[in-house]
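Protein chains in written order, with this note's numbering: chain A, 852 to 965; chain B, 2 to 112.
A virtual CB, placed ideally from N, CA and C, is assigned to each residue, including glycine.
The next block holds one structure in the form of C-alpha cells; read it before the comments.
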Amino acid sequence: GAVVSQHPSWVICKSGTSVKIECRSLDFQATTMFWYRQFPKQSLMLMATSNEGSKATYEQGVEKDKFLINHASLTLSTLTVTSAHPEDSSFYICSARAGFYGYTFGSGTRLTVV
Amino acid sequence: DAKTTQPNSMESNEEEPVHLPCNHSTISGTDYIHWYRQLPSQGPEYVIHGLTSNVNNRMASLAIAEDRKSSTLILHRATLRDAAVYYCTLPRSGNTGKLIFGQGTTLQVKP
C-alpha cells in the first residue's frame, strides 16, 4: 500500500525559533499533499494544500508567512513553522492521495513550543 | 462543503459487531464516502471508501443508503485494537481533492 513518511515524530522548540516538518511519499509520486493541524480532543483541520512545482494554497485564516510550505519534488513536501509560539503547539499531519486507496496519512508530528 | 454528522461516542463489546452511522445529506452525486480511524498520537488510517454500492474489505464493510445521504461502517467483530476515533469524511466540493473531517465517533471496545 501507499506509504507517507513524516518526520520528526515529535519536536520541542523554543519560542521564536523555526521548525521544519518533512513529509515523503515512499512508494508513489504525490503531486499534491495536504497539511492538517489537530488540537487535543479535536478533529483534523485542513491548513493548506501543497502542490509540486507551484505555490501552496492556504485555507482561510491560516497565515502563509508563518506556515511555509515547499513541495520541491514529487515525493517531498515540507512545512516550516516560522517564529513559533506556544499557541502553535499542536499535532501536524500530512496526507497525499494514493490512487485506489484514497488518501494516506503520515504518522504526525507533535510540536511543542516552550 | 458537504457536512458529515456522526455520534460523538459509541461503545461495543469485544467480539461483537459494531455499526457506526454517518449522515451526509448534502453529499453530491460524485463524492466518494471515505472512512478513516485514528489512534491517539497517530495519523489517520484508511478503513474503507465507496460511492454507491456496499463495499467490503478485510477491515470492514461500508453500507451506503440508496439515496446516499447516509452510510454505516460495519466492524464485524470488534477487538480491543479497534478502539479509536472513526471519521466519516467527504471531499470538499469543486473537485479540489481536499478531504474535510467532521468530529468523528470515539469507539470504546469493552473486553
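query: Do residue 110 of chain B and residue 29 of chain B come within 8 Å of each other at the CB atom, strictly closer than that value?
result: no
Practice prompt. From the DSSP output, in three-state form, read off residue 888 of chain A for me.
Written response: strand
Who are the neighbours of residue 885 of chain A on chain B, taking C-beta pairs under 9 Å?
98, 99 and 100
Rounding to the nearest angstrom, what Cα-Cα distance links residue 885 of chain A and residue 18 of chain B in this structure? 33 Å
>> What does the alpha-carbon distance come out to for the pair residue 90 of chain B and residue 955 of chain A?
In response: 13 Å
| field | Check whether residue 935 of chain A and residue 866 of chain A have beta carbons under 8 Å apart | value | yes
- prompt: How is residue 948 of chain A classed by DSSP in three states: helix, strand or coil?
  reply: strand
### Query
Based on the DSSP secondary-structure assignment, which residues constitute the bridge partners of residue 903 of chain A?
DSSP, once it has assigned bridges, lists no residue as partnering residue 903 of chain A.
Given residue 907 of chain A as reference, the closest of A/889, A/957 and A/883 once Cα atoms are compared:
A/883
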